[in-house]
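Novice:
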């Protein structure tokens, strides 16, 4: 028998310092501590995450924080472990680098009480206090990504995707659509799960007051390489799930934009020099435009890498 309102499921891998901030924010919620639990699923971390979490556990008496460790199998496998161990009726998925606002749990639960049979997705905002060109880029990306959803009324506000970075859903609906796909170990995990929700006609409500702050651990070079890896994984995703081909970015428009801005390899250095000059002058709009196309360029490189690997494997 379920004894809790809410289980918070957090996969983690080698991020004990930021994870500590995440846990601390969840221990200071405007929600009764005897009504929720925090499940930390360690995906085979190589640092001393286990000792770090145990030290936090020793600092309070309520059985609020539970720790599980598995071999390094990816975030989806960790989430599935959390689902199986959870004692709450509602399951909230967070990242290990997200700082919860004090009303996060209250807002998620309020929506589940108000709207039955839906998922609930909260707002993800950049962590305050960070500054510089990369943070400016992330801030603008967030503003553009969420502006449609923040301008509509709550009662008509649905969002097309479920993200494991601040979304919640009932245990019943999870079992209806199935657990997370453990063959997706890096990217596109949310998109595949969202596809199954749509097939089951399960809607996702957006609550702009359920806020977490993303403690970004990237800089531009790391973010570009991440875009390349996302592109490579998109090829495998589209091959496994053809219906996701368009949303995965494998379409003529993506390649056309890349060709316009990067007709030859030397243009990458050209645009990198231009964007630095633009940023020195504080021209944030043009900086965002150029940086976005550099990100797209690395994404397209990843698509091509993925296509070459599939072709090579098919050939022998």
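Numbering (the numbering used here), first residue to last: 0 to 315. Every residue gets a Cβ at the ideal spot worked out from N, C-alpha and C, and that includes glycine.
#1: Would you call the CB atoms of residue 178 and residue 234 closer than 8 Å?
#2: By how many angstroms is the C-alpha of residue 249 removed from the C-alpha of residue 314?
#3: Just tell me which of 256, 184 and 87 has its CA closest to the CA of residue 173.
#4: Only counting runs of 4 or more residues, tell me where the alpha helix (DSSP H) segments fall wholly within the stretch 254-311, in order along the chain.
#5: To the nearest angstrom, report how far apart residue 160 and residue 200 are at their CA atoms.
#6: How do the stretch 70-87 and the stretch 42-59 stand: do at least 3 beta-carbon pairs fall below 8 Å, yes or no?
#7: Would you mind sorting residue 75 into buried or exposed? The rule is 16 or more other CB atoms within 10 Å of its CB.
#8: Tell me the rounded alpha-carbon separation between residue 240 and residue 246.
#9: Considering only their Cβ atoms, is the gap separating residue 163 from residue 92 smaller than 8 Å?
#10: For residue 191, name the three-state secondary structure that DSSP assigns.
#11: Would you mind giving the Cβ-Cβ distance between residue 294 and residue 230, rounded to the nearest angstrom? I have them listed as a contact below 8 Å.
#12: Using 8 Å as the cut-off, can you tell me whether the stretch 250-267 makes contact with the stretch 209-226, which would need three or more C-beta pairs spanning the two stretches below that distance?
#13: For residue 275, does the count of other Cβ atoms within 10 angstroms reach 16, so buried, or fall short, so exposed?
#14: May I ask which residues mark the beginning and end of the alpha helix (DSSP H) holding residue 212?
#15: Which of helix, strand or coil does DSSP assign to residue 139?
#16: Are three or more beta carbon pairs between the stretch 123-131 and the stretch 51-66 nearer than 8 Å?
Specialist: Concretely, from the data shown:
#1: Not a contact, by the Cβ cut-off of 8 Å.
#2: Near 22 Å, if we compare the C-alpha coordinates of residue 249 and residue 314.
#3: With distances taken between Cα atoms, residue 173 lies closest to 87.
#4: 266-279
#5: 12 Å
#6: yes
#7: Answer is buried; the Cβ neighbour count reaches 16.
#8: 11 Å
#9: yes
#10: helix
#11: Contact doesn't hold; Cβ gap of about 10 Å is too wide.
#12: no
#13: Exposed, because fewer than 16 other Cβ atoms sit within 10 Å of the Cβ of residue 275.
#14: Residue 212 -> not in any alpha helix (DSSP H); beta strand (DSSP E) instead, spanning 203-213.
#15: helix
#16: no
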